[in-house]
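Each residue of the sequence shown is one higher than the one before, starting from 107 at the first, in the numbering used here.
For every residue, glycine included, the Cβ atom is placed at its ideal position computed from N, Cα and C.
This report concerns only the one structure given below.
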Amino acid sequence: MKFKLHNRFKSLFGGLLAINLLFAAPAMASIQEQAADTAQVEQAAPAATADSAAAVAPADSAATTTAATDSATVSESGNTGSTVTPAATTTKEEKKIDPQVYKNLTYYILLFLVLCTVVAVIGKVQSIYVLTKKVNGKYNPLANNTLQAILLFVFLVGFLGFVWYGYAVWGSWSWRPAATEHGKDIDRMFIITTVIITVVLVLVHIALLTFTYIYRMRAKRKAYFYPHNDAIERLWTIVPAVVLTILVLFGFFTWRSITNIPEELKKSALQVEVLGEQFMWTVRYPGTDGEFGKRNYKLTTPLNSYGIDYNDKNAWDDVKGDEIVIPVNKPVRFHILSKDIIHSFYIPDFRVQINAVPGMTNYFQFTPTITTDEMRDKMNDPQYNFVMLCAKICGESHYNMQKNVRVVTEAEYKEWLSKQAKFFTEDLQKEFAQNEGTEKNDRIAASIN
């Protein structure tokens, strides 16, 4: 039985062999070079040992005791007699050929060729098996259909097992109740949607992968020709349309209830401003007046990186938060801005996510219901913190855009706020006073002229 190679296979094999030789040459040269170095070290070691022995040998037989004493002294002091041989040995050990040198591109190409050969041999064995069946008159061309249908049914069982595992294990790892009032509505919407799509997922896969077994092609069985059915088409068009419409309306009214807040509740809520930039968040709280000072990007300087307009006296007492601290069971209204590109204000535990867009201010108001300490007790994790993240991939240091969020009692919040620094620092006050003086002089000069 002759084994013939297809011309394309010959070309592919020849190309791979050429690449193999191309990368094998430097590797073999490196191996030979290391082997030569090792041989030189092995030759040098005996000579060094002999020189060492000659150096410590006695001048004559009468000086044997003296030489032995000198040799012991040299050995203890670490001089020539004791250092040459260990040095040669160490060099020899360092020059051993590293077995990892073989694992270059050549190694992986050869491994790939071996795997291809194994697959080809299995294919040939299968072909011989089929040919033998045909010769003996026992070949059933439809037997493979049954095998594939059984394999698909086995896959169905494994798939359903992994679906259950995903909900039972990974779901319990990642899921925890929301820590805000509106988060309960978000969770309810999420659970209903998940239940619906899970039911559809399971039923569709059961139907697909059991039908491949029940209706597989078999001998003396003819498929029923069923080209069209208006009732079925109406069913699978109307039912998904109704379900999706209900889910969309459900989401719309849920979002509307969260974002459409009466004006009096907006004003009575604690105001917090968050500015995103590459790659950090800056948090601003209003001072005792309860109002933020104006901000203008044209006023941005090295000292005034936030661009606050200190001509507005409401800005003089604005407070800079090193983290986000908010009181429990009190409504908080966030003003979300961006200095450079689109970021995303995202607090997973609070079910809060909204974009920070340059040139505009977005708002999100919510009421936290669980303090950080209560959440730590609930999670049995004394180090647990709520975290505010950026949900946009905003650049190479995107991972740095996070800030701790602490929910505390109102008394703890007021105490923390009283210890925070103001944006209007002494250096900024000097800069502002200097600019004010310059502008005043310019106005006087302009009026005189």
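Kindly give me the distance between the Cβ atoms of ARG340 and GLU429, rounded to whole angstroms, as I take these residues to be in contact under 8 Å.
ARG340 to GLU429, Cβ: 57 Å. No contact.
Measuring only the C-alpha atoms, how far is GLN377 from LEU258?
58 Å
Ignoring anything shorter than 3 residues or poking outside the region 503-528, list the beta strand (DSSP E) runs there in chain order.
508-514
Less than 9 Å between the beta carbons of ILE442 and THR467, yes or no?
yes
On the DSSP letters alone, give me the boundaries of the beta strand (DSSP E) that PRO408 sits inside.
Careful: PRO408 lies outside any beta strand (DSSP E) and carries neither H nor E.
Local conformation of PRO346 per DSSP, three classes:
helix
Bridge partners - SER444, DSSP secondary structure assignment:
GLY382 and PRO464
Anyone know if the C-beta pair for TYR391 and ASP424 falls short of 9 Å?
yes
Meets three-Cβ-pair contact criterion under 8 Å: the region 445-452 and the region 497-512
yes
Could you work out which residue in GLY396, GLY413, ILE364 and LEU353 is closest to LYS373 when comparing CA atoms only?
GLY396
Proximity below 9 Å, CB of GLN459 to CB of VAL438
no
Hey, is the region 509-524 in contact with the region 473-480, meaning 3+ C-beta pairs nearer than 8 Å?
yes
Once DSSP output is grouped into helix, strand and coil, what is the label at GLU537?
helix
Quick one: grab the DSSP three-state call for THR473.
coil
With distances taken between CB atoms, is the gap from ASP455 to ALA284 smaller than 9 Å?
yes
Starting from MET494 and walking both ways along the beta strand (DSSP E), at which residues does that stretch end?
492-496
Inter-stretch contact (C-beta, 8 Å, three-pair minimum) for the region 349-365 and the region 413-424
no
Counted within 10 angstroms of its Cβ, other Cβ atoms place ILE256 as buried (16 or more) or exposed
exposed
Apart from the five residues on each side of it in sequence, which residues of its chain come closer than 8 Å, Cβ to Cβ, to HIS288?
SER363, ILE364, ARG457, PHE472 and THR473
For ASN435, does the count of other Cβ atoms within 10 angstroms reach 16, so buried, or fall short, so exposed?
exposed
Using DSSP's beta-bridge definition, name the partner residues of THR351.
Answer is none; THR351 lacks a bridge partner.
Nearest to LYS326 by CA position, among ILE432, PRO247 and PHE529, is which residue?
PRO247
Straight-line CA distance for ASP293 to TYR273?
16 Å
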